[in-house]
Amino acid sequence: MRQSQLFTKTQKSAPKDEVSANARLLTRGGFIDKLMAGVYTVLPLGLRVMKKIENIIREEMNAIGGQEFEMPALHPKENWEKTGRWSAMDDLYKVKDASGREFALGPTHEEVIAPLMKKFVSSYKNLPFAAYQFQTKFRMELRAKSGILRGREFLMKDLYSFHLTEKDLDEYYEKAKEAYWKILKRVGLKEKTHLTFASGGTFSKYSHEFQTLSDAGEDTIYICEKCQNAINREIKSKTPACPACKGKKFKEAKAIEAGNIFKLMDKFTKPFDLKVRDVDGKEKMLVMGCYGIGLSRIMGTIVEVYHNENGIIWPENVAPFKVHLISLGKDKEAEKIYNDLQKNNIEVFFDDRDVSAGEKFADADLIGIPWRAVVSKKSLAAGGAEVKKRSEKKGKILSADVLVKNLR
RNA sequence: CGGGCUGUGGUAUAGUGGCAUUACGCACGAUUCGGGUUCGUGUAAUCCGAGUUCGAUUCUCGGCAGCCCGACCA
């Protein structure tokens, strides 16, 4: 894509009140725009990143047998009354229509998926089953904060699994845990993330959170020095030893909750009477697991982890483009390289604007595309384009052919 | 929800009880061309309501909005 055609422009200064790196850099770079506190428009550049993250998650969910759905955001009040959450959940958005009928804006989808399963699943032969979706969630946060890390409306992947037995749920839960690690590895966050034991509510001993180390995080975790698993502060007092290895030495750290997996047991299958016939002909209540990961929060976390004073440094798998091609002159060479890259299906962002070199470099650093290729009289005289990684200081001259080959 | 801070062009800012400053952006013209080049011309703003006052963007009160801290948060 040509930068001259891009809808957004970069900004020199960030909104004065924003403190968090993700809000400042994503806004300045033209990835997102704030409509109100906790509610953002995802702009073209940001959407490219979001779609990259989405596809990685989709592949990993498909790999553990998940089937993709798209459930509604507008829910009937009755379903939420059935589970008791209409009144119990204080961050539930409630809306009324002209006739006075009430609805919930979905903060999560147990109340939709459980009754849906009831319509289609009636035999043990259908199990286990897992459904997932990418969906805009609504949560009435009293205090939205930290840019896109805690929004009132945000994009989330939620997976729900259904099982005949607790043992089967346990097995699937481990598979989902592995899938989450694969997702985190692919988006570049695995190294900084600790599996964290958190409250399991009344229905299971623990839930597991994937906590990514960052000062921007709002959770405090205690990392076991022996096994590197962690405990969330919320259960630290009643869990003095590491549940994984019994270690007792911990290091305190701030972290962002990147994902959360949960054994729900029969908490939501019971209210909807979600039973099937087992082999012996008897009815059996299903057990359920849920697995959430916020895409917008992942995008924000990546920026918190990967940036410097000049801008974002996207990991390749989630970058909006692979290479930022910068033309400093009006020569035809840059156009040629742009076409070559495109022909080879390399995602290229071409700065063909008539602005100064300094502005182009500053924009490239801010936007943070992993590779930068500069084409100028100087580089052409030296034999091609000057190619540099965003994460590194020095580049090298590569001929157009080698550039295409290296990036392919 | 409690506390704190803040609301001035699109963005970032200055200042003032009496014609509202500057920079960036944007438009036009010139200049320059490897780290936000330089110059000229133009464009555009005091969150809302009430009060005090001859006069309020400025002071007072209320509201709304934003950010931060806390509480809350599968």
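Residue 370 in the working numbering sits at position 379 of the first sequence; the count goes up by one each step and never skips. Backbone N, C-alpha and C fix where the C-beta goes; we use that ideal spot for every residue, glycine too.
A221 has T187 and I214 as its beta-bridge partners, per DSSP. Contact between S137 and S11 holds: CB atoms are separated by about 5 Å, below the 8 Å threshold.
Between D392 and G375, the alpha-carbon positions lie close to 9 Å from each other. Ranking G20, V278, K25 and D331 by CA distance to the CA of A355 puts G20 first. Assigned with DSSP and collapsed to three states, A14 falls in helix. Using a Cβ distance threshold of 8 Å, A189 and S152 do not count as a contacting pair. Distances from the CA of D342 to each of K261, K387, R363 and T292 were compared; the closest alpha carbon is that of R363. When the five nearest sequence neighbours on each side are left out, the beta carbons in the same chain lying within less than 7 Å of the beta carbon of L96 are those of A64, L65, Y84, V86 and F129, in order along the chain. With a beta-carbon spacing of about 19 Å, A207 and Y213 fall beyond the 8 Å limit used to define contacts. Linking H154 to E132 through their CA atoms gives a straight-line distance of about 32 Å. It is roughly 10 Å from the alpha-carbon of C281 to the alpha-carbon of M256. Setting aside the 5 residues that flank it on each side, K351 is surrounded in the same chain by I317, L319, D342 and R344, each with a C-beta closer than 8 Å to its C-beta; the list follows chain order. With fewer than 16 other CB atoms across the displayed protein chains lying within 10 angstroms of its CB, Q2 is exposed. Restricting attention to Y297, R134, S114 and F263, the CA atom closest to the CA of I104 is found in F263.
With distances taken between CA atoms, E274 lies nearest to K109 out of K384, K109 and E324. Setting aside the 5 residues that flank it on each side, K258 is surrounded in the same chain by F194, each with a C-beta closer than 7 Å to its C-beta; the list follows chain order. A Cβ-Cβ contact shorter than 8 Å links I252 with S198. Residue range K266 to R268 is occupied by the beta strand (DSSP E) that includes R268, with no alpha helix (DSSP H) assigned at that position. Counting every other CB atom within 10 Å of its CB across the protein chains shown gives L26 a total below 16, marking it as exposed. Of the candidates K323, I360 and Q219, the residue whose Cα lies closest to the Cα of I337 is I360.
Of the residues assessed, P311 falls on the buried side of the cut-off, its CB having 16 or more other CB atoms within 10 angstroms.
Counting the other Cβ atoms within 10 Å of the Cβ of G349 gives fewer than 16, which makes it exposed. The three-state reading of DSSP puts N251 in strand, counting E and B together.
For V33, same chain residues with a beta-carbon under 7 Å away, outside a window of 5 residues either side, are I23 and M41 in chain order.
Assigned with DSSP and collapsed to three states, G302 falls in strand. Distance between A54 and K173, taken at the CA atoms: about 11 Å. About 13 Å separates the Cβ atoms of Q219 and A246, ruling out a contact at the 8 Å cut-off. Taking all protein chains in view, the Cβ of C236 is surrounded by fewer than 16 other Cβ atoms within 10 Å, so the residue is classified as exposed.
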